[in-house]
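Have a look at the structure below, then the notes.
Protein chains: 2
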Amino acid sequence: MSLIVTGSIGIDTVITPTGRADNILGGSCTYFAAAASFFCPVRIVAAVGEDFPSEHMAVFEHFNIDATGLEIREGSKTFRWTGEYHENINERDTLDVQQNVLAEHLAPVPESFKDTPYVFLANTHPSNQLEMRADFPEARLVVADTMNLWLDTALDELKQVLQQIDGLVLNDSEAAQLAGDTNMVKAADAICAMGPKFVVIKKGEHGCLLRHAEGFFALPAYPASQVIDPTGAGDSFAGGMMGYLAQTDRTDFDAIKRALAYGTVVASYNIESFTLDRLREISRDDLDQRLAELATLTSFA
Amino acid sequence: MSLIVTGSIGIDTVITPTGRADNILGGSCTYFAAAASFFCPVRIVAAVGEDFPSEHMAVFEHFNIDATGLEIREGSKTFRWTGEYHENINERDTLDVQQNVLAEHLAPVPESFKDTPYVFLANTHPSNQLEMRADFPEARLVVADTMNLWLDTALDELKQVLQQIDGLVLNDSEAAQLAGDTNMVKAADAICAMGPKFVVIKKGEHGCLLRHAEGFFALPAYPASQVIDPTGAGDSFAGGMMGYLAQTDRTDFDAIKRALAYGTVVASYNIESFTLDRLREISRDDLDQRLAELATLTSFA
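One line per chain: the protein sequences are A and B, in this order.
Start counting at 1 in the first sequence, then tack on 17, and there's your number in the working numbering.
Start counting at 1 in the second sequence, then tack on 17, and there's your number in the working numbering.
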């Protein structure tokens with residue numbers, strides 16, 4: 018089955034304790050789509066400016082991503098983000114953000130994309146997510162991401178989103194804020210009561226927690242000794258997860274569990290390089306091998 | 018096989034967001050021994066003062082703990098600790114500490130205890146751990162705990178301890194400090210290079226990570242919605258782990274993995290009440306049932 022993702026495509030400058038990379042391809046849509054492309058046909062809907070470099074465009078071709086919905090908007094500039102990671106690479110500061118084209122109207126969803134059964138609403142303003150959601154009334158599975166900014170500034174719209182999606186993916190501090198509870202088990206219960214059938218709480222180096230009507234599932238992160246750049250870890254995690262579900266065309270509890278394991282594995286490769294360099298080197302076989310490794314190192318049978 | 022633990026026995030006052038408990042039985046040795054008692058015969062070596070209440074003594078009897086090595090020292094007072102947990106129950110402040118008997122000489126190890134094959138050196142000054150270590154030259158497995166205080170004040174002695182033990186248990190911030198690295202995989206490697214054959218990094222609500230010569234193992238915490246008092250979680254985790262190893266008389270990688278799962282399960286019960294109240298209510302069957310549940314909720318096969 019095919020999978021569509023709507024979100025940001027950006028030009029990032031990333032500074033880490035071990036290096037820096039200037040003007041690299043980034044954005045939630047980018048990381049998600051590349052990760053998902055190991056599993057199923059992927060379509061993107063996003064806008065960039067006329068400054069968007071052609072070598073970045075070539076990356077989408079490399080991953081066989083259908084970029085029919087990628088609008089290169091004349092007179093606009095591409096979203097830009099500059100961030101610096103701390104010595105403890107789980108923490109970072111945003112040094113600069115230029116919303117540019119993201120502050121304008123959405124890119125339209127091509128008519129040919131509106132039959133896509135698997136839909137991921139990557140992190141954007143909840144109003145945009147609602148508008149995008151309306152374009153896929155027949156979707157089999159709709160999952161959204163969000164961020165603390167919208168919890169602070171657009172909570173009502175976000176709560177509307179929650180009533181129109183099957184699953185929500187967010188990180189632990191966002192879950193605590195949304196639910197008003199620092200206990201992740203209770204927070205997950207509270208969020209499910211707001212609408213979604215399941216919620217996935219991302220905990221970075223500590224793995225993830227899934228709350229589903231049928232129960233809980235918890236997974237540690239893959240033990241990564243070589244973290245070059247964590248940017249896009251959460252997006253590639255979600256991409257691996259959604260890609261696996263679309264590929265198998267399953268939305269049941271067991272499938273979501275295994276999907277989270279694939280998400281974990283793709284994210285573990287993603288953080289081994291800046292931008293998509295590492296993901297460009299690997300194949301589905303590499304993902305399957307590391308999945309087997311992850312199964313072994315979490316099993317105590 | 019029998020298991021011995023040397024560490025603190027204290028009288029705690031604990032304040033949490035949902036309640037408080039005054040003058041309850043606490044201490045690393047106490048929580049460890051109670052947790053281990055579900056698996057194997059447990060011996061303790063520790064000192065309390067003449068103020069130690071008889072009802073607390075009865076708790077050791079309840080768990081069939083051999084208290085031959087528990088010295089009630091005349092003229093001394095029992096160690097006391099008062100702590101308050103934050104609204105986020107993973108954080109706490111120590112409001113008061115009275116070392117009392119812990120600042121004096123160690124309780125002697127009874128001659129009849131010196132053949133104990135499984136030894137746990139709970140968190141005390143590394144000099145004390147070295148002295149205790151010397152009492153068990155024939156031990157099959159010696160594991161120690163430590164804390165940030167000794168990293169700051171007794172690092173040389175702690176490094177001597179590391180060369181005389183099989184395994185070290187410590188939390189993630191301590192591991193980062195000891196290794197000088199916030200990446201837990203690299204920190205675990207660095208600590209193993211200091212002497213122990215394996216290291217267990219405790220991450221509280223995020224579970225644990227095992228580094229062993231044969232590989233890594235990672236386990237999430239049991240999803241706990243009802244955290245009444247986290248005091249002793251790490252000690253009961255270590256107690257469940259060592260108890261299982263002593264019971265099965267195994268020290269191999271697979272056994273340690275399963276031991277960590279039992280540790281996780283005992284700790285998950287421990288935090289459901291103040292002091293040992295919850296552990297007093299449960300049986301080994303309860304532990305086995307929750308172990309099976311933990312296996313299910315971490316499996317994506």
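Quick reminder that beta carbons are idealized off the backbone N, C-alpha and C, glycines included.
As the structure is a prediction and not an experimental result, all values here were calculated from the model.
A straight line joining the alpha-carbon of Ala53 of chain A with that of Gly257 of chain A spans about 5 angstroms. Here Val186 of chain A is actually not in contact with Ala250 of chain A; their C-beta atoms are around 12 angstroms apart, not less than 8 angstroms. Here Gly24 of chain B is not near Ala120 of chain B, since their CB atoms are 7 angstroms or more apart.
Going by C-alpha positions, Thr170 of chain B is about 51 angstroms away from Pro213 of chain A.
The beta carbon of Leu187 of chain B does not come within 7 angstroms of any beta carbon belonging to chain A, so the residue lies off that interface. With the criterion set as a beta carbon lying under 8 angstroms from some beta carbon of chain A, the members of the segment 206 to 240 of chain B are Asp206, Lys220, Glu222, His223, Gly224, Leu226, Gly232, Phe233, Phe234, Ala235, Leu236, Pro237, Ala238 and Pro240, in sequence order. Looking at A:Val62, A:Asp303 and A:Thr99, the one whose alpha-carbon comes closest to that of Leu112 of chain A is A:Thr99. Taking C-beta atoms as the reference points, Thr141 of chain B and Ala235 of chain A fail to come closer than 7 angstroms.
Contact annotation: Gln306 of chain B and Cys57 of chain B have beta-carbon atoms that are not nearer than 7 angstroms.
When A:Arg97, A:Ala63 and A:Ala278 are compared, the shortest CA-CA separation from Asp29 of chain A is found for A:Arg97. The Cβ atoms of Glu174 of chain B and Pro143 of chain B sit closer than 7 angstroms to each other. Secondary structure at Tyr239 of chain B: coil, using DSSP grouped into helix, strand and coil. Excluding its 5 nearest sequence neighbours in each direction, Tyr239 of chain A has C-beta neighbours in its own chain below 7 angstroms: Thr281, Val282, Ser285, Arg307 and Leu311, listed in chain order.
The Cβ atoms of Ser45 of chain A and Asp271 of chain A do not sit closer than 7 angstroms to each other. Interface residue (Cβ-Cβ distance to chain B less than 7 angstroms): Arg275 of chain A is classified as such.
Taking 8 angstroms as the Cβ-Cβ cut-off, the segment 101 to 129 of chain B approaches chain A at Glu104, Asn105, Ile106 and Asn107, given in chain order. Annotation: Met149 of chain B to Val126 of chain B spans about 8 angstroms, alpha carbon to alpha carbon. Taking 7 angstroms as the cut-off, the Cβ atoms of Phe317 of chain A and Arg228 of chain B do not count as close.
For Leu314 of chain B, the C-beta contacts it makes with chain A under 7 angstroms involve Gly232, Phe233, Phe234 and Ala235, in order along the chain. With respect to the C-alpha of Leu168 of chain B, the residue from B:Arg157, B:Ala156, B:Ala151 and B:Ala196 having the closest C-alpha is B:Ala196.
Closer than 7 angstroms to the CB of Ala309 of chain A there is not a single CB belonging to chain B. With respect to the 7 angstroms criterion, Gln177 of chain B and Leu147 of chain B are classified as neighbours on the basis of their beta carbons. Residues of chain B with a Cβ closer than 7 angstroms to the Cβ of Ala318 of chain A are, in chain order, Ala312.
In this structure, B:Thr95 is the residue among B:Arg301, B:Thr95 and B:Tyr48 with its C-alpha nearest to the C-alpha of Gly27 of chain B. Check the Cα spacing between Glu104 of chain A and each of B:Ala230, B:Leu262, B:Leu277 and B:Thr199: the tightest is with B:Thr199.
Sixteen is the threshold: when 16 or more other Cβ atoms of the shown chains lie within 10 Å of the Cβ of Asp152 of chain A, as they do, the residue is buried. Nothing from the segment 140 to 160 of chain A brings a Cβ to less than 8 angstroms from some Cβ of chain B.
Ranked by Cα distance from Pro237 of chain A, the first of B:Ser93, B:Asp206, B:Val216 and B:Val202 is B:Val202. Following the DSSP letters along the chain, one finds Asn40 of chain A inside the beta strand (DSSP E) bounded by residues Gly36 to Gly43. For Lys203 of chain B, the enclosing alpha helix (DSSP H) stretches over residues Met201 to Cys209. Among the CB atoms of chain A, one or more fall inside 7 angstroms of the CB of Ala278 of chain B.
With a contact defined as Cβ atoms closer than 8 angstroms, Gly43 of chain A and Asn117 of chain A miss out at about 13 angstroms.
Along the segment 244 to 257 of chain B, going in chain order, the ones with a CB nearer than 7 angstroms to a CB of chain A are Val244. DSSP, read as helix, strand or coil, puts Val244 of chain B in coil. For Val76 of chain B, not one C-beta of chain A is nearer than 7 angstroms to its own C-beta. Among the residues facing chain A, Thr85 of chain B is not included, as its CB has no counterpart in that chain under 7 angstroms away.
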